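Okay, so here's the structure we're looking at.
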Amino acid sequence: MSDPLRAARWTPGGPALVRSAIGRFAGAAAAALVVLVAATGAADTGTAWFAVRALSDPAAGAAPPLVQVPMAVGDRIELTHTHSVHRRPVHEVYSVLADAGLAMEEMRFDAHGANLPSGPETIDGVTTTFVRDGSGYVVDHQGRPLGTVRMVVGTADVDHRLAAGGRRIRLLDLVGPGAGVELYVQTHRVAPPGE
């Protein structure tokens, strides 16, 4: 009776022992999947989902995504809009991080305005590079990790628009002006309402 499989087959309760061994194997496989997701940001080693959700009452929990776009680590997301005060274009670039977050890459604008940088800044220990080129100003944020980006969607004259994964998304097509939204990355797709 030294053979564990033979013991499992021939002793009372043997099938439970086999089920237990299978359960341990399944647990090890699940643990390996968790490690894979933690290391790569997705179970298939290359896909993350950039998503936008409406900000709601914190007591209600996280809202489902309004839109999702498949992305890979390092892919860029662009946000363009017209500055609400000085009415000039602003272009922001974010990237997808391996830990399922967003990083700030750069900001471009052609004229100074309220709440726009006017020189290099040190934020969370990262110093931006501020350069004036032929088309205006470029602020390089050096891939500063942000996690998520929360913002208020402007009116039609501000016209916040995203470009991500080959898709163009007008935020006013998702929510009304003045609504809060969160831009974020997740490691799995969640079906939007009605899908």
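So the sequence shown is residues 123 to 317, counted in this note's numbering.
Where is the CB? At the ideal position from N, CA and C, for every residue including glycine.
Since the structure is predicted, the reported quantities are computational estimates derived from the model, not experimental observations.
Considering only residues of the same chain and omitting the five flanking positions on each side of residue i, which have a CB-CB separation below 6 Å?
i, result
"Arg198", "Val215, Ser217"
"Ala164", "The predicted model places Ala164 with a pLDDT of 39, which falls under 50 and marks its position as unreliable; any figure quoted below should be read in that light. For Ala164, where only same-chain residues beyond five positions count, the Cβ hits under 6 Å are Ala170, Thr309."
"Leu293", "Val275, His282"
"His339", "In the structure displayed, the chain extends from 123 to 317; residue 339 sits before or after that span and is not available."
"Val280", "His203, Thr204, Ser206"
In the DSSP output, what is residue i paired with across the bridge?
i, result
"Gln308", "Trp171"
"Ala220", "The partner list for Ala220 (beta bridge, DSSP) is empty, contrary to what the question assumes."
"Glu228", "Val215, Asp262"
According to the neighbour-count rule (16 or more other Cβ atoms, all chains shown, within 10 Å of its Cβ), is residue i buried or exposed?
i, result
"Pro187", "buried"
"Ala225", "buried"
"Glu228", "buried"
"Glu243", "exposed"
"Ile291", "buried"
"His263", "buried"
"Val253", "exposed"
"His205", "buried"
So, helix, strand or coil for residue i, using DSSP?
i, result
"Pro186", "coil"
"Leu201", "strand"
"Val195", "coil"
"Gly163", "Legend: pLDDT at Gly163 = 40, less than 50; position of this residue unreliable, value from coordinates given subsequently. Coil, per DSSP."
Spatial neighbours of residue i within its chain, please: C-beta separation below 7 Å, excluding the five flanking residues on both sides.
i, result
"Ala160", "Confidence at Ala160 is low in this model, with a pLDDT of 40, below 50, so the placement of that residue should be treated as unreliable; the coordinate-derived value is given next. So the list is empty, once near-sequence residues are dropped."
"Leu305", "Val174, Leu224, Thr270, Val271"
"Pro192", "Thr169, Trp171, Gly287"
Within a Cβ cutoff of 8 Å, which residues of the same chain sit near residue i, ignoring the five residues on either side of it in sequence?
i, result
"Thr249", "Pro242, Glu243, Gln264"
At which residue ranges does the stretch 230-312 contain complete beta strand (DSSP E) runs of 3 or more residues, listed in the order of the chain? Those beta strand (DSSP E) runs which fall completely within the stretch 230-312 and span 3+ residues are 251-255, 258-269, 271-274, 283-286, 289-292, 302-308.
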